[in-house]
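Asker: The sequence shown begins at 1 in this note's numbering and counts up by one.
Using N, Cα and C, we set each Cβ at its ideal position, and we do this for glycine too.
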Amino acid sequence: MKVNGYAASKAKAPLAPFQFERREPREKDVVIEILYCGVCHSDIHQARDEWGGGLFPMVPGHEIVGKVIQTGPKVTHFKVGQNVGVGCLVDSCRACTSCHENLEQYCENGFVGTYNGIERDGKTPTFGGYSSHIVVDEAFVLSIPTNLDLSKTAPLLCAGITTYSPLKHWKVKSGMKVGVIGLGGLGHMAVKIAAAMGAEVILFTTSKNKKEDALKMGAKTVVISSDKEEMKKQTGLLDLIINTVSAQILLTDYLSLLKREGTMVMLGVSPDSLNLESHALIMKRRNLAGSLIGGLKETQEMLDFCAKHNITSDIELIPIQKINEAFDKAVKSQVKYRFVIEMNSLKIKD
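#1: Classify Ser132: buried if its beta carbon has 16 or more other beta carbons within 10 angstroms, exposed otherwise.
#2: Have a look at Val80 and Cys93 and give me their C-alpha separation to the nearest angstrom.
#3: Taking C-alpha atoms, which residue in Leu156, Lys210, Gly129 lies nearest to Phe305?
#4: Give me the DSSP bridge partner(s) of Ser131.
#5: Short of 8 Å in beta carbon distance, which residues of its chain neighbour Gln19, apart from the five on each side in sequence? Order them along the chain.
#6: Go ahead and pull the three-state DSSP assignment for Val90.
#7: Where are the alpha helix (DSSP H) runs, 4 residues long or more, that stay fully inside the segment 143 to 186, in chain order?
#8: Considering only residues of the segment 38 to 74, which uninterrupted alpha helix (DSSP H) runs meet the minimum length of 4 residues and lie entirely inside it, listed in chain order?
#9: Taking Cβ positions, are Asn344 and Leu35 nearer each other than 9 Å?
#10: Rank Ala195, Gly160, Pro73, Lys152 by C-alpha distance to the C-alpha of Asp137 and give the top, closest one.
#11: Suppose you measure from the CA of Glu63 to the CA of Gln248; what does that come to, to the nearest Å?
#12: Pair every Cβ in the segment 135 to 150 with every Cβ in the segment 81 to 92, then say whether three or more of these pairs are closer than 8 Å.
#13: Considering only residues of the same chain and omitting the five flanking positions on each side of Lys12, which have a CB-CB separation below 6 Å?
#14: Tell me the DSSP secondary structure of Glu119 in three-state form.
#15: Alpha carbons only, please: which of Lys211, Gly236, Gly218 is nearest the one belonging to Ile224?
#16: Please classify Gln334: is it buried, with 16 or more other beta-carbons within 10 angstroms of its beta-carbon, or exposed?
#17: Apart from the five residues on each side of it in sequence, which residues of its chain come closer than 6 Å, Cβ to Cβ, to Lys192?
#18: Excluding five sequence neighbours on each side, which residues of the same chain lie with their C-beta closer than 7 Å to the C-beta of Gln105?
#19: By DSSP, does Tyr254 sit in helix, in strand, or in coil?
#20: Which runs of the beta strand (DSSP E) fall wholly inside the segment 201 to 275 and span at least 3 residues, in chain order?
#21: What does DSSP give as the partner residues of Asn287 in its beta bridges?
#22: Determine contact between the segment 221 to 236 and the segment 117 to 135, defined as no fewer than three beta-carbon pairs at a distance below 8 Å.
#23: Please name the residue in Glu21, Ile241, Ser98 whose C-alpha comes closest to that of Val172.
#24: Using a threshold of 9 Å, state whether the C-beta atoms of Leu251 and Lys177 are closer than that.
#25: DSSP three-state label for Asn102, please.
#26: Please name the residue or residues paired with Glu33 in a DSSP beta bridge.
#27: I need the DSSP call for Phe111, collapsed to helix, strand or coil.
#28: Report back the beta-carbon spacing between Ala159 and Met189 to the nearest angstrom; my notes put them in contact at under 8 Å.
#29: Out of Val68, Ala195, Pro57, point me to the one whose CA is closest to Val30's CA.
#30: Under 6 Å Cβ to Cβ from Met302, same chain only, skipping five residues before and after it: list those, please.
#31: Pick helix, strand or coil for Val80, following the three-state DSSP scheme.
#32: Can you give me the start and stop residues for the beta strand (DSSP E) that Ile315 sits inside?
#33: Hey, could you find the ends of the beta strand (DSSP E) Gln334 is sitting in?
#34: When the Cα atoms are used, what is the spatial distance from Val269 to Asp314?
#35: Quick one: is Asn243 buried, meaning 16 or more other Cβ sit within 10 Å of its Cβ, or exposed?
#36: Let me know if His41 comes out buried or exposed under the rule of 16 or more other beta-carbons within 10 Å of its beta-carbon.
Structure, rendered in structure tokens:
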């Protein structure tokens, strides 16, 4: 199948039109016409090879929503015309302990990324959602609830599950106080989901102009993190902190806001080493943890939870032709709060 998309030809090269071939569908594969694809900050990191190990040409995109147009003869869970999603992974070994526990994101033999990865045959590169179609094994395809707006649902496939997974793992519930650091693509989802779980949400931000948005999304309190007095008022009050920022921050300042045995979960990937004083952990038996997306079962659970609570992402819809401009704006945090590509724009000639 010949497919049109946008790709980076090499590290730091602007994304440009790119035609390539998808594999013929196997007996359990689903062929999806992509309708929308979210622009995750990790797309930028990888297209610019800021983490190293980039495979080029690279077609980014792992927040995919589309429509099934063909199914293999042994597909049982999906039918033609159904709205579906694909997230950050399209395969795993399916045999290790993690895979058997529905934690494919921690596959002990390495999961297969939706893009910038190699399929389990050891040679076929994966290309992502900045394209017209994708072919995926049904085990890694998700059902989109019918009441969710498709364009606003796309970011749930990464930003949504990346925040839902730790909130679920650390058993957030009514009566708990949850801090969220940063109101970006991840942060705004963390605020919405934690509030829907019944938590009292405290947002920490450097941007005063985001206060009104955060309160509308469900935050009870907004703390300007540069204000030492405001920060001090939160000392020892929080059960959990979700850190969504990629920039280096003084973690000690935030760890002191946790209760005894509270936990800070790292979601953002900073290029710099952690800035941490160990006494902030030791004195109150606090925890510093990390979390990656979620497995397929948990991702479906997240989508159903969002449908129940009418949660979607705040987005700015763009044509694919503006993707390089969107990358630059995202780096400067000039988006509220996730760019989503309308993939029908691929049919427009440059």
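Answerer: Reading from the atomic positions:
#1: Position 132 of the sequence shown, counted from the first residue, corresponds to residue 132. It is buried - the Cβ of Ser132 has at least 16 other Cβ atoms within 10 Å.
#2: In the sequence shown, the residue the question calls residue 80 occupies position 80. In the sequence shown, the residue the question calls residue 93 occupies position 93. Approximately 27 Å between the Cα atoms of the pair.
#3: Position 305 of the sequence shown holds residue 305. Residue Leu156 is the option with its Cα nearest to Phe305.
#4: Start at 1 with the first residue of the sequence shown, and residue 131 comes out as number 131. DSSP lists Gly5 as partners of Ser131.
#5: Within the sequence shown, the letter at position 19 stands for residue 19. The answer, listed in chain order, is Lys2, Val3, Asn4, Gly5.
#6: As a first step, residue 90 is located in the sequence shown; it is residue number 90 there, counting from the start. Three-state DSSP puts Val90 in a strand.
#7: 150 to 153, 159 to 169
#8: 41 to 47
#9: Translated into the one-based positions of the sequence shown, residue 344 becomes position 344. Translated into the one-based positions of the sequence shown, residue 35 becomes position 35. Cβ atoms of Asn344 and Leu35: closer than 9 Å.
#10: On the sequence shown, residue 137 is found 137 positions in, with the first residue counted as 1. The candidate whose alpha carbon is nearest that of Asp137 is Pro73.
#11: Translated into the one-based positions of the sequence shown, residue 63 becomes position 63. Translated into the one-based positions of the sequence shown, residue 248 becomes position 248. So the two alpha carbons sit approximately 26 Å from each other.
#12: yes
#13: The residue you call residue 12 lines up with position 12 of the sequence shown. Taken in chain order, the residues that qualify are Arg48.
#14: Along the sequence shown, one-based indexing puts residue 119 at 119. Three-state result, Glu119: coil.
#15: For the purposes of this step, residue 224 is taken as the residue at position 224 of the sequence shown. Per the Cα distances, Lys211.
#16: In the sequence shown, counting from the first residue as 1, residue 334 sits at position 334. With fewer than 16 other Cβ atoms within 10 Å, it is exposed.
#17: Along the sequence shown, read from residue 1 onward, the residue named residue 192 stands at position 192. Excluding sequence neighbours, Lys192 sits near Met217, Gly218, Ile311.
#18: Mapped onto the sequence shown, residue 105 falls at position 105. Counting only Cβ-Cβ distances below 7 Å, and skipping sequence neighbours, we find Leu89, Phe111, Leu292, Ile293, Gly294, Gly295.
#19: Residue 254 sits at position 254 when you count from the first residue of the sequence shown. Three-state result, Tyr254: helix.
#20: 221 to 224, 238 to 243, 258 to 266
#21: Sequence index remark: in the sequence shown, residue 287 carries index 287 (1-based). In the DSSP output, where bridge partners are listed per residue, Asn287 has Thr263.
#22: no
#23: Along the sequence shown, read from residue 1 onward, the residue named residue 172 stands at position 172. Closest option to Val172, Cα to Cα, is Ile241.
#24: Stepping through the sequence shown from its first residue, residue 251 is reached at position 251. Stepping through the sequence shown from its first residue, residue 177 is reached at position 177. Not a contact, by the Cβ cut-off of 9 Å.
#25: Within the sequence shown, residue 102 is the residue found at index 102, counting from 1. Residue state, collapsed to three classes: coil.
#26: Within the sequence shown, the letter at position 33 stands for residue 33. Per DSSP, Lys67, His133.
#27: Your numbering for residue 111 matches position 111 in the sequence shown. Here Phe111 sits in coil by DSSP.
#28: Here residue 159 refers to the residue found at position 159 when the sequence shown is read from its first residue. Here residue 189 refers to the residue found at position 189 when the sequence shown is read from its first residue. At roughly 5 Å, the Cβ-Cβ gap stays under 8 Å, so Ala159 and Met189 are in contact.
#29: For the purposes of this step, residue 30 is taken as residue 30 along the sequence shown, with counting starting at 1. Val30 has its Cα closest to that of Val68, out of Val68, Ala195, Pro57.
#30: Your numbering for residue 302 matches position 302 in the sequence shown. Within the same chain, Met302 has close Cβ partners Gly160, Ile161, Tyr164.
#31: Along the sequence shown, one-based indexing puts residue 80 at 80. It is coil, neither helix nor strand.
#32: Along the sequence shown, read from residue 1 onward, the residue named residue 315 stands at position 315. Counting along the chain, the beta strand (DSSP E) containing Ile315 begins and ends at 315 to 319.
#33: Residue numbering aside, residue 334 sits at position 334 when the sequence shown is read from its first letter. Here Gln334 belongs to no beta strand (DSSP E), and DSSP marks it neither H nor E.
#34: As a working note, residue 269 is residue 269 in the sequence shown. As a working note, residue 314 is residue 314 in the sequence shown. Their backbone Cα atoms lie some 22 Å apart in a straight line.
#35: As a working note, residue 243 is residue 243 in the sequence shown. Buried.
#36: Within the sequence shown, the letter at position 41 stands for residue 41. When all chains shown are included, His41 counts as buried.
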